[in-house]
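Visitor: If you scroll down you'll find the structure; I have some questions about it.
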Amino acid sequence: MARYWPEPAYQHGTAARTGVLLVNLGTPEAPTAAALRPYLKQFLSDPRVVEIPRLVWWPILNGIILNTRPAASAKKYASVWMNEGSPLKVHTERQAKLLAGYLTKAGHPDLDIDFAMRYGSPSIADRLQAMRARGCSRILVVPLYPQYSASTTATVVDEVSRCMGHMRNQPELRFVRNFHDDPGYIEALARSVRDHWMKNGEPDRLVMSFHGVPRRSLDLGDPYHCECHKTGRLLAEALGLPRERALVTFQSRFGKAEWLKPYTQPTLEALAAQGVGRVDVICPGFVADCLETLEEIAMECREAFLEHGGKEFHYIPCLNENHEWIDALTRLSIAHLGNWLEIGRPDEASLAAARSRAMEKGATR
Ligand SMILES: C=CC1=C(C)c2cc3[nH]c(cc4nc(cc5[nH]c(cc1n2)c(C)c5CCC(=O)O)C(CCC(=O)O)=C4C)c(C)c3C=C
Ligand SMILES: [Fe+2]
Ligand SMILES: [Fe+2]
Numbered sequence: 496m497a498r499y500w501p502e503p504a505y506q507h508g509t510a511a512r513t514g515v516l517l518v519n520l521g522t523p524e525a526p527t528a529a530a531l532r533p534y535l536k537q538f539l540s541d542p543r544v545v546e547i548p549r550l551v552w553w554p555i556l557n558g559i560i561l562n563t564r565p566a567a568s569a570k571k572y573a574s575v576w577m578n579e580g581s582p583l584k585v586h587t588e589r590q591a592k593l594l595a596g597y598l599t600k601a602g603h604p605d606l607d608i609d610f611a612m613r614y615g616s617p618s619i620a621d622r623l624q625a626m627r628a629r630g631c632s633r634i635l636v637v638p639l640y641p642q643y644s645a646s647t648t649a650t651v652v653d654e655v656s657r658c659m660g661h662m663r664n665q666p667e668l669r670f671v672r673n674f675h676d677d678p679g680y681i682e683a684l685a686r687s688v689r690d691h692w693m694k695n696g697e698p699d700r701l702v703m704s705f706h707g708v709p710r711r712s713l714d715l716g717d718p719y720h721c722e723c724h725k726t727g728r729l730l731a732e733a734l735g736l737p738r739e740r741a742l743v744t745f746q747s748r749f750g751k752a753e754w755l756k757p758y759t760q761p762t763l764e765a766l767a768a769q770g771v772g773r774v775d776v777i778c779p780g781f782v783a784d785c786l787e788t789l790e791e792i793a794m795e796c797r798e799a800f801l802e803h804g805g806k807e808f809h810y811i812p813c814l815n816e817n818h819e820w821i822d823a824l825t826r827l828s829i830a831h832l833g834n835w836l837e838i839g840r841p842d843e844a845s846l847a848a849a850r851s852r853a854m855e856k857g858a859t860r
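Read in order, the letters of the sequence shown correspond to residues 496 to 860 in the numbering used here.
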């Protein structure tokens, strides 16, 4: 195989474009065991996701997990699948389209906006090559994870870097590291909670459930836990909620090791058993609804809460296509694009000179 990916011959005077690539986790192509298998294999083979020595992990993954989980997970995916496909991909694609429109409205019609999935398709490699083919020589990569984690954000950086190794004519890169305390993101969350409460009244408790990671990663220096708690605190403050009515919990535990605590489902069951009648659950760590929110929280956790004596369970959807969120994402992108938005744009002085030249030409005619 050639060392570098093929590229067209270099043309002098090619206009440089700037692009934004949104990246989310990835999802299977269909809600079937056959489609789940390659997706789970790619995802769970990433050493950033499962930090167990390969020699130990390989037989567990290939001998046990890939023989049992695909069918079990496929059933769950089938229960949330949309007409257009997997919710995660459907929402991410819509977010990219909306972002392009919002950036155009903000005065940046020339930006090239695309999206990719870290695992599955469209792959980062595929979209980076497409953006290069469209002339992008500067690319801002936005992992759609508000809280930084090695198991999510860093894997995007790893994959983009691997792709750079295949490019002869590499683009200039920027990455968004996190946006867990971005005022626009926090306000978008607060707004969706307030809207829900306007229509449905307020709950006894607001549970803010984040995807978990192994507890060990916190001890090894991952800031994820701390960033989740900061988001939780800022959201509770924005809503004017006293501490005792807002809780941060962690969901989607995978494997037998200890993960970040408290775990979402047992917390909900304990609240119900204590006589808490109504809980509202929001998942601020996901900007798009997906299996983990629609099935695990809105179905499994609802059932568990009600079975343990809870009276009312409300799931507050992810930010998805909310105007406030796309607006926040637009401002976040503009802030990180920074001086790239100026490069190649005629400055005021040259615009004025061009205007006066045109006027002179008109006067002499
Ligand atoms: C939002 C941040 C996420 C973190 C942090 C994260 C860590 C993490 N996840 C697994 C294992 C699985 N996660 C799965 C699905 C999944 N995870 C996230 C996000 C984070 N994961 C999303 C958005 C999704 C949903 C994808 C979709 O298609 O809707 C799955 C696959 C589903 C299943 O079989 O349960 C696994 C497996 C680990 C091990 C981990 C941290 C180390
Ligand atoms: Fe996950
Ligand atoms: Fe899950």
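Ideal Cβ placement from N, Cα and C applies to all residues, glycine included. Keep in mind the model is a prediction, meaning the values are calculated, not measured.
With a CB to CB cut of under 7 Å and the five nearest residues on each side skipped, what residues in its chain are close to V652?
Guide: Taking the first residue of the sequence shown as position 1, residue 652 is located at position 157. Apart from the 5 residues on each side of it in sequence, V652 sits with its Cβ closer than 7 Å to the Cβ of F670 in its chain, given in chain order.
Visitor: Any heavy atom of ligand 1 closer than 7 Å to the beta-carbon of L539?
Guide: For the purposes of this step, residue 539 is taken as residue 44 along the sequence shown, with counting starting at 1. L539 Cβ: within cutoff of ligand 1.
Visitor: Curious, which full-length beta strand (DSSP E) runs of at least 3 residues does the region 508 to 589 contain?
Guide: Runs of the beta strand (DSSP E) inside the region 508 to 589: 512 to 521.
Visitor: What residue does the alpha helix (DSSP H) around P678 start on, and which one ends it?
Guide: Your numbering for residue 678 matches position 183 in the sequence shown. Looking at the DSSP string, the run of the alpha helix (DSSP H) that includes P678 is P678 to N695.
Visitor: Looking only at its chain, what residues have a beta carbon closer than 7 Å to the beta carbon of P812, apart from the 5 residues adjacent to it on each side?
Guide: By one-based count along the sequence shown, residue 812 stands at place 317. Counting only Cβ-Cβ distances below 7 Å, and skipping sequence neighbours, we find D784.
Visitor: Kindly indicate which three-state DSSP category I608 falls into: helix, strand or coil?
Guide: Position 113 of the sequence shown, counted from the start, is the residue given in the question as residue 608. I608 falls in the strand class under three-state DSSP.
Visitor: Between W835, N578 and F781, which lies nearest to I681 when the distance is taken from Cα to Cα?
Guide: Indexing the sequence shown from 1 puts residue 681 at position 186. For the residues W835, N578 and F781, the minimum Cα distance to I681 belongs to F781.
Visitor: What is the residue span of the beta strand (DSSP E) that P638 lies within?
Guide: Translated into positions along the sequence shown, residue 638 becomes position 143. Segment C631 to P638, the beta strand (DSSP E) holding P638.
Visitor: Measuring from each Cβ to the nearest heavy atom of ligand 2, keep the ones under 6 Å and list them in chain order.
Guide: H706 and S747
Visitor: Give the DSSP-derived three-state secondary structure of A783 in the structure shown.
Guide: Looking up residue 783 in the sequence shown gives position 288. Note: A783 maps to coil in three-state DSSP.
Visitor: Exposed or buried, what is A645 when buried is set at 16 or more other beta-carbons lying within 10 Å of its beta-carbon?
Guide: Reading the sequence shown from its first residue, position 150 is the one you call residue 645. Under this definition A645 is a buried residue.
Visitor: Tell whether a beta-carbon distance below 8 Å holds between G615 and T522.
Guide: If you number the sequence shown from 1, residue 615 lands on position 120. If you number the sequence shown from 1, residue 522 lands on position 27. Yes.
Visitor: With respect to the alpha helix (DSSP H) encompassing L827, which residues constitute its N-terminal and C-terminal limits?
Guide: Against the sequence shown, residue 827 aligns to sequence position 332. First-last of the alpha helix (DSSP H) with L827: H818 to L832.
Visitor: By alpha-carbon positions, which one of Q624, R633 and A741 ends up nearest to C658?
Guide: For this step, residue 658 is matched to residue 163 along the sequence shown. When only C-alpha atoms are compared, the closest one is Q624.
Visitor: Check whether the region 508 to 515 touches the region 604 to 620, counting contact only when three or more Cβ pairs, one atom from each stretch, lie closer than 8 Å.
Guide: yes
Visitor: Is V545 near ligand 1, with its Cβ less than 7 Å from a heavy atom?
Guide: As a working mapping, residue 545 is identified with position 50 in the sequence shown. The answer is yes for V545.
Visitor: Looking at the structure shown, is I619 part of a helix, part of a strand, or coil, going by DSSP?
Guide: On the sequence shown, residue 619 is found 124 positions in, with the first residue counted as 1. I619 sits in a helix when the DSSP states are folded into three classes.
Visitor: Cβ atoms of L520 and M577: under 8 Å apart, would you say?
Guide: Residue numbering aside, residue 577 sits at position 82 when the sequence shown is read from its first letter. Residue numbering aside, residue 520 sits at position 25 when the sequence shown is read from its first letter. Cβ atoms of M577 and L520: not closer than 8 Å.
Visitor: Using only the heavy atoms of ligand 1, determine whether one of them is closer than 7 Å to the beta carbon of C813.
Guide: By 1-based counting over the sequence shown, the position of residue 813 is 318. Result no, Cβ not under 7 Å from ligand 1.
Visitor: Within its chain, find whatever has a CB closer than 6 Å to the CB of P757; leave out the 5 residues flanking it on each side and keep chain order.
Guide: On the sequence shown, position 262 is the one that residue 757 refers to. T744.
Visitor: I want to know whether the region 533 to 549 touches the region 660 to 674 - three or more CB-CB distances under 8 Å.
Guide: no
Visitor: Based on Cα-Cα distance, which residue from G770, I555 and L598 lies nearest to G750?
Guide: Working through the sequence shown from its first residue, we reach residue 750 at position 255. Check the Cα spacing between G750 and each of G770, I555 and L598: the tightest is with I555.
Visitor: What's the C-alpha gap between L729 and I777?
Guide: As a working note, residue 729 is residue 234 in the sequence shown. As a working note, residue 777 is residue 282 in the sequence shown. Cα to Cα, L729 sits roughly 14 Å from I777.
Visitor: Could you give the distance in angstroms between the alpha-carbon of E502 and the alpha-carbon of V655?
Guide: Numbered from its first residue, the sequence shown carries residue 502 at position 7. Numbered from its first residue, the sequence shown carries residue 655 at position 160. Inter-residue distance for E502 and V655 is about 17 Å (C-alpha atoms, whole angstroms).
Visitor: Distance, Cα to Cα, E795 vs V688?
Guide: Here residue 795 refers to the residue found at position 300 when the sequence shown is read from its first residue. Here residue 688 refers to the residue found at position 193 when the sequence shown is read from its first residue. Near 21 Å, if we compare the C-alpha coordinates of V688 and E795.
Visitor: Determine the direct distance from the alpha carbon of S568 to that of W820, and round the result to whole angstroms.
Guide: Working through the sequence shown from its first residue, we reach residue 820 at position 325. Working through the sequence shown from its first residue, we reach residue 568 at position 73. C-alpha separation (whole angstroms): 29 Å.
Visitor: Applying the 10 Å Cβ sphere with the 16-neighbour rule, what's the burial state of D775?
Guide: As a working note, residue 775 is residue 280 in the sequence shown. Label assigned to D775: buried.
Visitor: When you measure from the CB of V518 to every non-hydrogen atom of ligand 1, does any distance come out below 7 Å?
Guide: By one-based count along the sequence shown, residue 518 stands at place 23. No.
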